[in-house]
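Residue numbers for the sequence shown follow the UniProt record's numbering, beginning at 1 and rising by one. Notes for the one structure printed next.
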Amino acid sequence: MYIHSVTSANSKSQKLHFMNGSKSLRSLSSAPVRRRLLTFKVCKCARNKTTYEVLDLWSSDTLLELKQKVAHKLKIKLSLKTFFLEAYDEISDKWENIDDLNSSLTLHKTKLRHGSFLAIRNRTEESSNNPSPRKSSSHTNESHELTLRLCKKPMIAEDYILININSSCTFGQLRKHAYAQFDRSSENQYIYRRNDDVWKQMKPDMDHKTLRELSFETNQLISVVYDNVLILKSRMEKDILQLKVCKTKLDQTTFEYLTIRSTDTLEQLKEKIVSKFSVSWRLTDFYLEMFDEENKKWEKIDDSNSFLTLQEAKLRHHSFLTIQRRTETPLNDQSSGKPRSHIKESDELILKLCEKPMCRENHIPINVNRLSTLRELRTQVYEKFNERPNNRSLYKRDPDGWTELKINMNSRTLADLSFESNQFI
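Written as structure tokens, this is what we have:
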């Protein structure tokens, strides 16, 4: 009897296993859900679109996953419930709140566009366009946690310490806490806060005001002054350039300011212009001209060496710039005469960027056009790791092994170099 009962149990177990297996097979054989890769530009500081991190997600990912990845990318050490996301609508030229009440909603259903700018906002901040769905006006005066970025060196944004502080704390408490990080006294010392890519001085006479009253925002950059103030001001004037970008060469009265470091490169300047002014051309499709005040005429800026710094290119504070499209016909499209911006979707490549050098187990998908240059791909690749390409090589995986793509190939297109979709780099 004992043996019979065991056999019977095994039989039931096998039957159950078969049924579960069948169910699993049925689910696997169902039609796959189509998904596509979406790239977002996440503003590092509030709604400032000149400095951002690139984030890639699938259209099948959820709003919750989007917020998690944004928090990870920007190193925000706060609960996901304390902030919401905004997306910039280019058509209406407004920031729109993303309703995350249903956090399991996929990005496809939210209709977020590929290439959209995203910004983070605290739940208690009043949005200028559209209050957050979970926020009521009675909550706008509540305190909340802020994560601020304190520069390790005065006004050097690339290296910082994260500081968590409540918005109900006073500016005086923040000053004391910030200077304590460097074992220095805060007495009669200023703090500098970065707004819209410009550093603004905040004096000790604001000590009694709360951070909420002073409109501090999560992820904002701040800097202490532990060198001589005059030296620091001199350094600010030397390192920061404010350029005037004109809409047309014929009218210098209509322009927009662009703030950038003198140590940044010509390529970075063009990238900032593309980002800030929503230029649809590729970096290789246009060049810049600068107005020569002495000779009273426009001069072309030689960008043959795109890694030349603005200081080396002799750009001055308040220089007038304008954008000019190159008139040459692209080599790969001489017959049609179409500019590169009219390339078909079929020319898009999805490359697999190894997270660790030449290790194919983990990779990041990268969308790029096959008529892009190797220089453009290198810049995009090294940005993924928050690095500058400088003179570094890139490697691609061919059937017979890894092939080095050297700097002297920079001007060649990916089509010329026989890149294919799903290739490892």
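Yeah, the Cβ is synthetic: ideal placement off N, Cα and C, and Gly gets one too.
Review point. CA-CA distance, Cys151 and Ala71?
Key: Counting only the Cα atoms, Ala71 lies some 19 Å from Cys151.
**Study point:** Length of the line joining the Cα atoms of Met409 and Asn305
**Key:** So the alpha carbons of these two residues sit roughly 14 Å apart.
Check your understanding: Between Phe171, Ser185, Val198, which lies nearest to Asp205 when the distance is taken from Cα to Cα?
Key -> Here the closest residue by C-alpha is Phe171.
Check your understanding: Can Glu217 be considered in contact with the ligand FMN, in the sense that its beta carbon sits closer than 6 Å to one or more heavy atoms?
Key -> Annotation note on the ligand FMN: not contained in the displayed structure, which lists no ligands.
Point to revise | Inter-stretch contact (C-beta, 8 Å, three-pair minimum) for the region 157-171 and the region 207-223 | key: Taking 8 Å as the limit for Cβ pairs, the verdict is that the region 207-223 does touch the region 157-171.
Check your understanding: For Ser60, which residues from the same chain have a beta carbon less than 7 Å from its beta carbon, with the 5 sequence-adjacent residues on both sides left out?
Key -> Here the set comprises Val33, Arg35, Thr106, His108.
Check your understanding: Got a sec? Which residues, its chain only, sit under 8 Å from Ser185 by beta carbon, not counting five neighbours each side?
Key -> Answer for Ser185: Tyr179, listed in chain order.
Practice item. Counting only the same chain and skipping the five closest in sequence on each side, list residues whose C-beta sits under 7 Å from that of His317. Key: Around His317: Leu241, Gln242.
Review point. Grouping DSSP H, G and I as helix and E and B as strand, with all else coil, what is Thr50?
Key: In the structure shown, Thr50 sits in coil (DSSP, three-state: anything other than H, G, I, E or B).
Practice item. Verify whether the separation of the beta carbon atoms of Pro389 and Thr379 is less than 7 Å. Key: Less than 7 Å separates the beta-carbon of Pro389 from that of Thr379.
Practice item. For Val368, write down the residues that DSSP places opposite it in a beta bridge. Key: Paired residue(s): Leu349.
Review point. So, is Thr284 buried or exposed, given that buried needs 16 or more other C-beta atoms within 10 angstroms?
Key: Counting Cβ neighbours within 10 Å, Thr284 comes out buried, since at least 16 surround it.
Practice item. Check whether the region 110-122 touches the region 42-55, taking contact to mean three or more Cβ pairs, one atom from each stretch, closer than 8 Å. Key: In this structure the region 110-122 lies against the region 42-55, because at least three pairs of beta carbons, one per stretch, are closer than 8 Å.
Check your understanding: Asp56 and Leu37: beta carbons closer than 7 Å?
Key -> With contacts defined as CB atoms closer than 7 Å, Asp56 and Leu37 qualify as a contacting pair.
Point to revise | Reference Arg397, options Ile425, Phe255, Val279, Tyr382, closest by Cα | key: That would be Ile425, whose Cα lies nearest to the Cα of Arg397.
Check your understanding: Where Asp303 and Tyr52 are concerned, what is the direct C-alpha to C-alpha distance, given to the nearest angstrom?
Key -> Near 24 Å, if we compare the C-alpha coordinates of Tyr52 and Asp303.
Exercise for review: Measure the C-alpha to C-alpha separation of Ile222 and Ile91 and round it to an integer number of angstroms.
Suggested key: Rounded to the nearest angstrom, the two C-alpha atoms are 33 Å apart.
Practice item. Out of Phe277, Leu349, Ile364, state which residue places its alpha-carbon closest to the alpha-carbon of Leu371. Key: Residue Leu349 holds the alpha-carbon nearest to the alpha-carbon of Leu371 among Phe277, Leu349, Ile364.
Check your understanding: Under the rule that 16 or more other beta-carbon atoms within 10 Å means buried, what is Ile260, buried or exposed?
Key -> By the 10 Å Cβ count, Ile260 comes out buried.
Point to revise | Sequence-distant residues of its chain with Cβ nearer than 6 Å to Tyr88 (five each side left out) | key: For Tyr88, the CB contacts under 6 Å within the same chain, skipping 5 residues up- and downstream, are Trp95, Phe117 in chain order.
**Study point:** Whether Ser103 touches Leu66 by CB criterion (7 Å)
**Key:** For Ser103 and Leu66, no; Cβs fall outside 7 Å.
Review point. By Cβ distance, which residues of its chain are closer than 7 Å to Ser421, with the 5 residues on each side in sequence left out?
Key: Excluding residues within five positions, the ones whose Cβ falls inside 7 Å are Leu349, Ile350.
**Study point:** Test item: CB-CB of Gln252 and Phe307 under 7 Å
**Key:** Note that the C-beta distance between Gln252 and Phe307 is not below 7 Å.
Check your understanding: Can you give the Cα-Cα distance for Leu266 and Lys296, rounded to whole angstroms?
Key -> Answer to the nearest angstrom: the Cα atoms are 23 Å apart.
Review point. Any idea what DSSP makes of Pro339, helix, strand or coil?
Key: With a pLDDT of 38 at Pro339, under the threshold of 50, the modelled position of that residue is not reliable, and the figure given next carries that caveat. Correct three-state label for Pro339: coil.
Review point. What's the gap between the Cα of Ile156 and the Cα of Glu145?
Key: The alpha-carbon atoms of Ile156 and Glu145 are separated by roughly 24 Å.
Review point. By the 10 Å Cβ neighbour count, where 16 or more other Cβ atoms means buried, how is Thr263 classified, buried or exposed?
Key: Exposed, because fewer than 16 other Cβ atoms sit within 10 Å of the Cβ of Thr263.
Exercise for review: Note down the Cα distance separating His139 from Arg121, rounded to an integer number of angstroms.
Suggested key: Here the model assigns His139 a pLDDT of 33, short of 50, so the residue's position is not dependable, and the following value carries that caveat. Computed Cα separation, rounded: 14 Å.
**Study point:** Boundaries of the beta strand (DSSP E) in which Ala87 is found, first to last residue
**Key:** Segment 83-89, the beta strand (DSSP E) holding Ala87.
Practice item. In the DSSP assignment, find the alpha helix (DSSP H) that holds Lys270 and state where it starts and stops. Key: That run of the alpha helix (DSSP H) goes 266-276.
Practice item. Determine the direct distance from the alpha carbon of Lys247 to that of Tyr257, and round the result to whole angstroms. Key: Rounded to whole angstroms, Tyr257 to Lys247 spans 11 Å at the Cα level.
Exercise for review: Figure out for me which residue from Gln173, Glu387, Lys276 has the closest Cα to the Cα of Asp159.
Suggested key: When each option's Cα is compared against that of Asp159, the closest is Glu387.
Point to revise | Test item: CB-CB of Glu289 and Thr322 under 7 Å | key: Using a Cβ distance threshold of 7 Å, Glu289 and Thr322 count as a contacting pair.
Exercise for review: Within its chain, find whatever has a CB closer than 6 Å to the CB of Asp196; leave out the 5 residues flanking it on each side and keep chain order.
Suggested key: Apart from sequence neighbours up to five positions away, the residues of its chain that approach Asp196 with a beta-carbon distance below 6 Å are Asn48, ordered along the chain.
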